[in-house]
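Chemist: Position one of the sequence shown corresponds to residue 25 (this note's numbering), numbered consecutively onward. Each residue gets a CB set at the ideal place from its N, CA and C atoms; glycine is no exception. Just so we're clear, the structure is a prediction, and the values are computed from it rather than from any experiment. Have a look at this one.
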Amino acid sequence: MIESNLVDRLFSADKLAVARAISSVENQDSLHLELLNAIQKKLGRAYRVGITGPPGAGKSTIVSKLA
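This is the structure we're talking about:
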């Protein structure tokens, strides 16, 4: 079971919580699916967009224009 306040701390931009969440998902530990589901419940019907490309392709530039 994930920490009861980890998701809340994530949404308040707690750097330690963000780091723990990223590590959990990257390592696919035993709690990563529960964590992702809890985040999804808070986001509702938000869109998720992935931007990929080689170094220097302009990913950061396009993301800054979207924000």
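Taking the beta carbon of V73 as the centre, do at least 16 other beta carbons fall within 10 Å, making it buried, or is it exposed?
Modeler: Translated into the one-based positions of the sequence shown, residue 73 becomes position 49. Exposed, by the Cβ-count rule.
Chemist: Compute the beta-carbon to beta-carbon distance between I26 and E58, rounded to the nearest angstrom, for a pair I have assumed lies under 8 angstroms.
Modeler: Position 2 of the sequence shown holds residue 26. Position 34 of the sequence shown holds residue 58. Their Cβ separation, rounded to whole angstroms, is 5 angstroms, which keeps I26 and E58 in contact under 8 angstroms.
Chemist: Let me know if V87 comes out buried or exposed under the rule of 16 or more other beta-carbons within 10 Å of its beta-carbon.
Modeler: As a working note, residue 87 is residue 63 in the sequence shown. Exposed, because fewer than 16 other Cβ atoms sit within 10 Å of the Cβ of V87.
Chemist: From S84, L67 and G68, pick the residue whose C-alpha is nearest to that of I75; which is it?
Modeler: Position 51 of the sequence shown, counted from the first residue, corresponds to residue 75. Taking only the C-alpha atoms, the option nearest I75 is S84.
Chemist: Just how far apart, CA to CA, sit A81 and V42?
Modeler: Locating residue 81 in the sequence shown gives position 57, counting from the first residue. Locating residue 42 in the sequence shown gives position 18, counting from the first residue. Computed Cα separation, rounded: 26 angstroms.
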